[in-house]
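Visitor: This structure is in structure tokens; I'll ask about it shortly.
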Amino acid sequence: MLYFTIRRLGLAVLVALTVSVLAFLLLHLSGDPALALAGEGARQADIDMIRKTYGLDRPLVVQYADWLWHILQGDFGTSVYFKTDAGPLILSKLKTTLLLGLGALAFALAISIPLGVLAALYKGSWIDRLCLAVAVLGQALPNFFFALILIMLFSISLRLLPVSGSGSWQHFVMPAIALGYYVAPAFMRLIRAGMVEVLGADYIRTARAKGLPARKIIFKHALRNAIVPVVALAAVQLGYLLGGSVVIETIYALDGLGYLAYQSITYKDYPVMQLIVLLLSVLYVLLTLAADIANAWLDPRIRVS
147 MLYFTIRRLG LAVLVALTVS VLAFLLLHLS GDPALALAGE GARQADIDMI
197 RKTYGLDRPL VVQYADWLWH ILQGDFGTSV YFKTDAGPLI LSKLKTTLLL
247 GLGALAFALA ISIPLGVLAA LYKGSWIDRL CLAVAVLGQA LPNFFFALIL
297 IMLFSISLRL LPVSGSGSWQ HFVMPAIALG YYVAPAFMRL IRAGMVEVLG
347 ADYIRTARAK GLPARKIIFK HALRNAIVPV VALAAVQLGY LLGGSVVIET
397 IYALDGLGYL AYQSITYKDY PVMQLIVLLL SVLYVLLTLA ADIANAWLDP
447 RIRVS
């Protein structure tokens, strides 16, 4: 287990370094950053001054090494638009995005596990087809459109939930549903496939022959084994939820990383954009690493392979 963990950790470090290179190059792929910061109609002298002030006149390798060194020292740069340190600014928004991502993941699991189990137990029946229809609808319906439907239903018609803001837990209900419903079908199909395979295993037939209660067979023996792959998928989907919340946070005016990313793109705040991309990418790598270690602990066959 120790060798497996060290090997996965080394791979995660290499991936994180690769991501840091891509995050740094993001500044230059969209064109000349000095020209973008200076704005349209700027004089060449102003553009040259900005290029020199931000060190953009140096070779890319030197710029990357300097940027990464400052990041490792905890110096995350200064926001061009907000005129404040980029690190504390992003950390202040991270809590909102984490709450939204965890809430969306909890909602996705809450509806996908029961639907997946039901679909497997009644394979080929109308219940199975209904569960699959719910899954297809979840991935076919754009989350921004579903978010607008939720606003019309729960905020305008029923007046049960606030439309926007992030002041209380009620503000996170609709965003979590809108974001979580899109990833729920992946969980549901994985649990259904796992349950169908496990329910046909020899030890399940033996348990039934011994007269064990159906509830104990399903939840203690079958679901426990079928849910192992969900651990890895949950980590990956949480990373997606954290990085893919830009539209939902913008619609519901949640003061999180997604909305901050939208603002930084709008105002060409490159230091903040770079740091957001790097932070979310590193979080994604760490979540994937945690999922690999958890799966290896739950299933020794993964460590051997």
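Each residue of the sequence shown is one higher than the one before, starting from 147 at the first, in the working numbering. In this text, a Cβ means the ideal position worked out from N, Cα and C, and glycines have one as well.
1. Could you have a look at ASP438 and say whether DSSP puts it in helix, strand or coil?
2. Comparing alpha-carbon positions, which option in PRO205, VAL280, TYR386 lies nearest LEU425?
3. Going by beta-carbon coordinates alone, are VAL431 and ALA158 separated by less than 8 angstroms?
4. Is GLU343 buried or exposed, if buried means 16 or more other CB atoms sit within 10 Å of its CB?
5. If you run the structure through DSSP and keep just helix, strand and coil, what is THR224?
6. Quick one: give me the first and last residue of the alpha helix (DSSP H) that ARG351 is part of.
7. Would you be able to state if there are at least three C-beta pairs under 8 angstroms between the region 330-343 and the region 258-267?
8. Exposed or buried, what is LYS239 when buried is set at 16 or more other beta-carbons lying within 10 Å of its beta-carbon?
9. What's the call for MET341, buried or exposed, on a 16-neighbour Cβ count within 10 Å?
10. Measuring alpha carbon to alpha carbon, tell me which residue in ALA381, GLY404, LEU384 is nearest VAL392.
11. By the 10 Å Cβ neighbour count, where 16 or more other Cβ atoms means buried, how is MET298 classified, buried or exposed?
12. Restricting to runs no shorter than 4 residues, where is the alpha helix (DSSP H) found entirely within the region 189-237?
13. Using a Cβ-Cβ cutoff of less than 8 angstroms, which residues in the same chain neighbour VAL167 once the five nearest sequence positions on both sides are dropped?
14. Among SER427, ALA399, ILE373, which has the Cα closest to the Cα of VAL263?
15. Return the Cβ separation of LEU325 and LEU379 in integer angstroms, given the expectation that the two are a contact with Cβ distance under 8 angstroms.
16. Nearest CA to the CA of ASP221: which residue from LEU235, VAL208, TYR227?
17. Could you compute how far the alpha carbon of TYR408 sits from the alpha carbon of ILE422?
18. Here's a check: name, in chain order, each residue in its chain whose Cβ is nearer than 6 angstroms to the Cβ of GLU395, leaving out the five neighbours to either side.
19. ALA442: which of PRO375, PHE291, ARG275 sits nearest, CA to CA?
20. Quick check on DSSP: helix, strand or coil for LYS366?
21. Would you call the CB atoms of SER225 and VAL428 closer than 8 angstroms?
22. How long is the line joining the alpha carbons of HIS216 and PRO308, rounded to whole angstroms?
23. Beta-carbon within less than 8 angstroms of LEU155's beta-carbon, same chain only, minus the 5 sequence neighbours each way: which residues are those?
24. Mark ASP415 as exposed unless 16 or more other C-beta atoms lie within 10 angstroms of its C-beta, in which case mark it buried.
25. Can you grab the Cα-Cα spacing for the pair THR242 / SER312, in whole Å?
26. Nearest CA to the CA of ALA162: which residue from PRO205, TYR200, LEU218?
27. Out of LYS269, ALA279, ALA322, ASP212, which one is the CA nearest neighbour of GLY390?
28. Got a sec? Which residues, its chain only, sit under 6 angstroms from SER410 by beta carbon, not counting five neighbours each side?
29. For VAL329 versus ALA279, is the C-beta distance shorter than 8 angstroms?
Guide: A quick look at the data gives this:
1. helix
2. TYR386
3. yes
4. exposed
5. Of the three classes helix, strand and coil, the one that applies to THR224 here is strand, per DSSP.
6. 348-355
7. The region 258-267 makes contact with the region 330-343, as at least three CB pairs between them are under 8 angstroms.
8. buried
9. buried
10. GLY404
11. exposed
12. 190-199, 206-218
13. TYR210
14. ILE373
15. Rounded, the Cβ-Cβ distance is 16 angstroms, inconsistent with contact.
16. LEU235
17. 11 angstroms
18. GLY402, GLY404, TYR405
19. PRO375
20. Three-state result, LYS366: helix.
21. no
22. 41 angstroms
23. LEU435
24. buried
25. Answer to the nearest angstrom: the Cα atoms are 8 angstroms apart.
26. The option with the nearest alpha carbon to ALA162 is LEU218.
27. The shortest C-alpha separation from GLY390 is found at ALA322.
28. Answer for SER410: VAL418, MET419, listed in chain order.
29. Between VAL329 and ALA279, the C-beta gap is not smaller than 8 angstroms, which leaves the two residues out of contact.
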